[in-house]
Every structure is written in structure tokens, then in C-alpha cells.
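Under this note's numbering, the sequence shown has 35 at position 40, and the numbering climbs by one with no breaks.
For glycine and all other residues, C-beta sits at the position ideal for the given N, C-alpha and C.
Bear in mind that the values here come from a model prediction, so they are computed numbers and not experimental data.
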Amino acid sequence: MKKMTEKALSEAFAGESMAHMKYLAFSEVAENEGYPNVAKLFKAISYAEQVHAINHAKNLGYLGKTEENLQGGIDGENFEVDEMYPAYDAVAKLQNEKGAERSIYYAVEAEKIHSAYYQEAKEKVKQGKDFSLKSVYICPVCGYTQVDGELPDKCPVCGIASSKFKKF
């Protein structure tokens, strides 16, 4: 792919990805405010933006076999933990932005767990096996992630009751 097209498609991928997430968040707000049909509209159009992003990702060569995708996930999570978030956290601390510091802390703690789970899954895939799990639990406040097992009473990162975790 020619450089200008690659740059344009990469920027389009980022824009569509951001729109997808923003519209999902907008959907939650509308739902919480009592507008279920507005929420449905945001959620549906969010999906359309996801379709656009995936089409761009395919053309950019971002999608590979599962083992390659897991390594991409590992690399991405480790980059966030080791490089991206430490730099962002330094800026937030410098500017005394407590909300940003908390948001970054939550993300870093969750990303560490994500990387470990991706690594476990990759080892299974390398053996031609699927990752073994029954359920995945996600804290809706900080993103703490737990696969199976007994949940703690409270999230170990943010302290919310584990009864509020979302189960997948």
C-alpha cells in the first residue's frame, strides 16, 4: 500500500474506532437518562462504525491468525503499561490532574492482567488448544479482569463490590 493511502486509512481507522467507543458511551448515557430508543440508535450506529474500522484494519493488514493477534494484544498491552501510560501519568501528575491519574492507574492495572491472559491464551493456541474459561468478569469502574475462580468481595484495584462486575 502506498504511504499516503496507508496514512489516510490509518487515520480513518483511528477515527472510526473512536466514534465506535464514543457512541457506545453515548448509548449508556441515553439509557441511564431514560431514552432507550436513543440508546438503541447510538448502539446501532456504533456497530456501523465498528464495521468501518474492521474494514480499514483488514486493508491495513492489522488482522492475522489468532496466535499473531494474541501477540499483537500482548505487545499492545505491554506498550501501554511500560511506555504509554507512564508518560501520560507523568503529565497528569505534573498538571495535578487527579481524575486523569486515577483513570491511568485503573487502566495500567487492568492492562497488566490482560497481557497475562493473552500470554496464557497464546500458549494454548500454540498447542492447538483453546483457552480454558467459563466466564470472564470485568469491573465496570476500573476494568479489572478475572477469568473464572472465586471473585474477591471487592475489586482489588478500585474497591467496588464484585457483585457489580459484568460477566461475559
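Contact check, residue i vs residue j, beta carbons under 8 angstroms
| i | j | result |
| --- | --- | --- |
| Val142 | Val131 | yes |
| His51 | Leu4 | yes |
| Glu96 | Ala105 | no |
| Ser157 | Cys150 | yes |
| Gly68 | Tyr101 | no |
| Val136 | Ile108 | no |
| Ile99 | Asp84 | yes |
| Ser12 | Ala39 | no |
| Ser41 | Leu58 | no |
Environment of residue i [buried if 16+ CB atoms lie within 10 Å]
| i | result |
| --- | --- |
| Glu44 | buried |
| Lys117 | buried |
| Phe37 | buried |
| Ala34 | buried |
| Tyr188 | Residue 188 lies beyond the residue range present for the chain, which begins at -4 and ends at 163; the question has no answer from this structure. |
| Val24 | exposed |
| Glu1 | exposed |
| Glu6 | exposed |
| Glu72 | buried |
C-alpha distance - residue i paired with residue j, whole-angstrom precision
| i | j | result |
| --- | --- | --- |
| Thr164 | Phe126 | Given a span of -4 to 163 for the chain in the structure shown, any question on residue 164 remains unanswerable. |
| Glu63 | Ser110 | 14 angstroms |
| Lys161 | Pro81 | 28 angstroms |
| Lys129 | Gly144 | 9 angstroms |
| Phe8 | Lys53 | 10 angstroms |
| Val46 | Gly94 | 32 angstroms |
| Ser22 | Ile133 | 19 angstroms |
| Asn91 | Glu26 | 33 angstroms |
| Lys236 | Asp70 | Outside the shown range of the chain, which is -4 to 163, sits residue 236, and nothing can be said about it. |
| Met16 | Leu55 | 20 angstroms |
| Glu75 | Phe163 | 24 angstroms |
Query raised in the report: Unbroken alpha helix (DSSP H) runs of length 4 or more, entirely within the stretch 19 to 76: which are they?
Result: 31 to 55, 61 to 74
Report task. List in chain order: all unbroken alpha helix (DSSP H) runs of 4+ residues lying wholly within the stretch 67 to 128. Result -> 80 to 89, 93 to 121, all fully within the stretch 67 to 128.
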